[in-house]
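Quick note on numbering: the UniProt record's numbering labels position 7 of the sequence shown as 7, and the sequence is numbered without any gaps.
Think of the CB as a built atom: it goes at the ideal place given N, C-alpha and C, for glycine as much as any other residue.
Accompanying notes for the structure given below.
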Amino acid sequence: MKIKIIDFGTAQQYKVGGKSKMEERYGTPYYIAPDVLNKSYNEKCDIWSLGVILYILLVGYPPFNGSEDKKIIDAVKKGVYTLDEPEWDDVSSEAIDLVKKCLTYDPEKRASASEALEHPWFKKFAKGEKVKKSLASKAFINLKNFRAGQKLKQAALSFIVSQCLNQKETDEMEKIFAAMDKNNDGMLSKEEISEGYEEHFGYPIEDEELDSIFSAIDTDGSGAIDYSEFLIATMNMQQLMSKQHLKQAFKMFDKDNSGTISKEEIKEALGNLEEDIVDVIVSEVDDNGDGEISFEEFERMMNIVVNCKTLPQKSGDAS
């Protein structure tokens, strides 16, 4: 099994052992290191993030969690995580030790990249020891399941922008989209976004930032950004997530008007999803454990800040 880590839009060169530390806060709540939150960090912050990825690969959920971004951030700041849940019973002691070394709170005591590579857990695979197929399969399922909950949110957002917004709400964004869509095909390519950015801001966008923005907005992986994706990325989230809009989106899923969204209704709305994926989607939102999603649970899920980069705005523009 080979894993490729992508999206280095905010990466920068840093001289290991340098006197000055980095201070800008960048990162997604699940993966960000506490030293980044404290605005004083070095290359060891990446080891923390890799530790989070390893944790998710091994057991299928993140070490620091919460119902909203603020709670996730608070958990990261505390740095307390568990390794005694039943899911860890099948994980080797070497793997657990590597997780601990990567998720050491004090960056001075945290493993370096070279130290991590020399860890016994990696060494035994370097010797040619085969990874169990069941472990590799579990890792892929864990990765797939961890992002599953976003499918429901993305479908709801797509419904809101296509069915719930009126002309007045979308008029300004429609004009911007049309101005950027040079060939009038109803889609924005990377080149069109790059040109639009330079026209709007007066200077070119960096390739890395363009790639990062594009990959975050192009949620269906089509290779271009359609109007709905553009609206989701650029509209004011409070306006987009109004109570009225959320109720309309909820009704779209709740076909039988029962007041809850069932697993069957999710499968019908999202297409031919595997049973385990639907189970994960529901379990991530179903706070009371009744196997269905109430409006209150749906609303809480939708109001967790969407973790994606949006198109920048000029200073002074409404956010």
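field: Opening and closing residue of the alpha helix (DSSP H) in which Y55 lies
entry: K44 to V59
- prompt: Taking the alpha-carbon positions, what's the C308 to F214 distance?
  reply: Bear in mind that the predicted position of C308 carries a pLDDT of just 36, short of 50, making it unreliable; the figure below should be weighed with that in mind. Whole-angstrom Cα-Cα distance: 10 Å.
query: Is T260 helix, strand or coil by DSSP?
result: strand
field: Distance between beta carbons of F295 and F250, contact taken as under 8 Å
entry: 5 Å
- prompt: Among residues of its own chain, excluding the 5 on either side of Q244, which ones have a beta-carbon nearer than 8 Å to its beta-carbon?
  reply: C164
message: Can you tell me whether G196 is buried or exposed? The criterion is at least 16 other CB atoms within 10 Å of its CB, across all chains shown.
response: buried
- prompt: Would F177 be called buried (16 or more neighbouring beta carbons within 10 Å of its own) or exposed?
  reply: buried
query: If we ignore side chains and look at the alpha-carbon of each, how far apart do D286 and F64 end up?
result: 19 Å
message: Applying the 10 Å Cβ sphere with the 16-neighbour rule, what's the burial state of R25?
response: Its Cβ having fewer than 16 others within 10 Å, R25 is exposed.
query: Alpha carbon to alpha carbon, what distance is there between Q12 and K314?
result: Confidence is the limiting factor: at K314 the pLDDT is only 41, short of 50, which leaves the residue's position unreliable and the question unanswerable from this model.
message: Does the structure place the stretch 192-210 close enough to the stretch 255-268 that three or more beta carbon pairs sit under 8 Å?
response: no
query: Buried or exposed: which applies to K39, given that a residue is buried once 16 or more other Cβ atoms fall within 10 Å of its Cβ?
result: exposed
query: What's the C-alpha gap between L188 and E43?
result: 35 Å
- request: Tell me whether A162 is buried or exposed, calling it buried when 16 or more other Cβ atoms sit within 10 Å of its Cβ.
  value: It is Ser, not Ala, that sits at residue 162 in the sequence shown. Exposed, because fewer than 16 other Cβ atoms sit within 10 Å of the Cβ of S162.
query: Can the beta-carbon of V91 be found less than 8 Å from the beta-carbon of L54?
result: no
- prompt: So T104 is in the alpha helix (DSSP H); what residue range does that whole segment cover?
  reply: No alpha helix (DSSP H) contains T104, which DSSP labels as neither H nor E.
query: Does the count of Cβ pairs from the stretch 113-126 and the stretch 78-91 closer than 8 Å reach three?
result: Short answer: they don't touch.
query: Closer than 7 Å: is that where the CB of G60 sits relative to any heavy atom of the ligand ATP?
result: Looking at this structure, you won't find the ligand ATP or any other ligand, since it has none at all.
task: Compare the C-alpha of P34 against each of E87, M22 and W48 and name the closest.
output: Ranking E87, M22 and W48 by CA distance to the CA of P34 puts W48 first.
task: Within 10 angstroms of the Cβ of D317, are there 16 or more other Cβ atoms? Answer buried if so, exposed if not.
output: Only weak support exists for where D317 lies, its pLDDT of 41 falling under 50; the value from the coordinates is given anyway. Exposed, because fewer than 16 other Cβ atoms sit within 10 Å of the Cβ of D317.
message: I'd like to know whether the C-beta atoms of K77 and L37 end up nearer to each other than 8 Å.
response: yes
message: To the nearest angstrom, how far is the alpha carbon of K21 from that of F298?
response: 41 Å
Under the three-state DSSP convention, the category M187 falls into: Residue state for M187 is assigned as strand, using DSSP reduced to three classes.
message: Looking only at its chain, what residues have a beta carbon closer than 8 Å to the beta carbon of W121, apart from the 5 residues adjacent to it on each side?
response: S92, E94, A95, D97 and L98
message: From the DSSP secondary-structure annotation, give me the bridge partner or partners of M173.
response: Note: M173 sits in no beta bridge, so no partner.
field: Alpha-carbon to alpha-carbon, K151 and Y105
entry: Y105 and K151 have their alpha carbons spaced roughly 32 Å apart.
query: How long is the line joining the alpha carbons of V59 and E87, rounded to whole angstroms?
result: 6 Å
field: Selection from Y31, K190, D46 and D74 that minimises the alpha carbon distance to Y61
entry: Y31
- prompt: When the distance is taken between beta carbons, is L270 closer than 8 Å to residue 332?
  reply: Here the chain covers residues 1 to 319 and nothing more, so residue 332 does not appear.
message: Taking the alpha carbon of T234 as the reference point, which residue from K175, D46, D220 and N183 has its own alpha carbon closest?
response: K175
- prompt: DSSP three-state call for D211: helix, strand or coil?
  reply: helix
message: Whole angstroms are fine: how far does the CA of D84 sit from the CA of D181?
response: C-alpha of D181 to C-alpha of D84: approximately 53 Å in a straight line.
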